[in-house]
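Peer 1:
In our numbering, the protein residues as written are -17 to 215.
In structure tokens, the structure reads:
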């Protein structure tokens, strides 16, 4: 690629990033005084490659659930063949259910999920996942969700942190199948937060740094790229 072409691509990318909608994400330390400030520091540290921006600032993958009002509006936004609501409904028809869980009641199932694949998103599984944990701590500002198959076995799970006016998926893991279990997991968690009405945004990491398949997965579930502006209260 020529210097002129490279410069044009850089300028186009920069213009795209500048045009992203801005989301004010406010951390509330009182929710969990030890953990919340730590996450704030992680989200606002310098990007490992692009030192001039913060780690999770440009291209944060968010759903503005505060403007949706109802779960019906969210589901309507992601309806249609091969969109998130379609796959979630398909999983329900096959007998899967999503509910809040006590992870310590599913230690063996969680380990089975964690070691079910050698790599995810093109990266080897981290050692922290391949070693079996016998006990999970519970944080006050976290909620824990799981998808159970018709036999009651846990086949997917999520850890969801509430940090202030937004919540973020911390872990999303599941067995690989074509039943739509991961779609069901995310759709159900988003719908629950809409029903509760206490959050403005839901985050699923970043958008532009994801592999194409994961980026498409986020898109069909309603996530869009934003420029996040963080504050700590």
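Positions of the beta carbon are idealized from the N, C-alpha and C atoms, including for glycine.
1. With DSSP collapsed to three states, give me the class of residue 216.
2. Here's the rule: buried if 16 or more other CB atoms are within 10 angstroms of the residue's CB, otherwise exposed. What is residue 195?
3. Would you list the one or two residues that DSSP bridges to residue 80?
4. If residue 157 sits next to residue 213, beta carbons under 8 Å apart, how far is it from one beta carbon to the other, in whole angstroms?
5. Which of the three DSSP states is assigned to residue 161 in this structure?
6. Hey, quick one: how far does the alpha helix (DSSP H) through residue 202 stretch, first residue to last?
7. Using a Cβ-Cβ cutoff of less than 6 Å, which residues in the same chain neighbour residue 67 once the five nearest sequence positions on both sides are dropped?
8. Can you name the residues that DSSP bridges to residue 4?
9. Got a sec, what are the start and stop residues for the beta strand (DSSP E) residue 190 sits in?
10. On a CA-only basis, which of 78, 187, 163 and 191 is nearest residue 25? Give me that one, please.
11. What's the gap between the Cα of residue 34 and the Cα of residue 12?
12. Take residue 83 and list the residues in its own chain whose beta-carbon comes closer than 6 Å to its own, dropping the five residues that flank it on each side.
13. Under the rule that 16 or more other beta-carbon atoms within 10 Å means buried, what is residue 175, buried or exposed?
14. For residue 120, which three-state DSSP category applies?
15. For residue 89, which residues in the same chain have their Cβ closer than 8 Å to its Cβ, ignoring the five residues on either side in sequence?
16. Does chain B have any CB closer than 9 Å to the CB of residue 201?
17. Quick one: what does DSSP say residue 58 is sitting in, helix, strand or coil?
18. Quick one: using the 10 Å Cβ neighbour count with 16 as the cut-off for buried, is residue 91 buried or exposed?
19. Could you tell me which of 64, 48 and 3 sits nearest to residue 39, measuring between CA atoms?
20. From which residue to which residue does the alpha helix (DSSP H) around residue 112 run?
Peer 2: In brief:
1. Residue 216 falls outside the range modelled here, since the chain spans only -17 to 215, and no answer is possible.
2. exposed
3. 129
4. Actually they are not in contact, since the Cβ atoms of residue 157 and residue 213 sit about 38 Å apart, beyond 8 Å.
5. Correct three-state label for residue 161: coil.
6. 194 to 202
7. Taken in chain order, the residues that qualify are 57, 60 and 61.
8. Paired residue(s): 209.
9. Per DSSP, residue 190 belongs to no beta strand (DSSP E) and is neither H nor E.
10. 187
11. At residue 34, the pLDDT of 44 sits below 50, so the modelled position is not reliable; the number obtained from the coordinates is stated separately. Distance between the alpha carbons of residue 34 and residue 12: 30 Å.
12. 126 and 128
13. buried
14. coil
15. For residue 89, the CB contacts under 8 Å within the same chain, skipping 5 residues up- and downstream, are 114, 115, 116, 117 and 118 in chain order.
16. Of the protein chains in this structure there is only one, and it is not chain B.
17. helix
18. Classified as buried, residue 91 has 16 or more neighbouring CB atoms from the shown chains inside 10 Å of its CB.
19. Nearest to residue 39 by alpha-carbon distance, out of 64, 48 and 3, is 3.
20. 109 to 112
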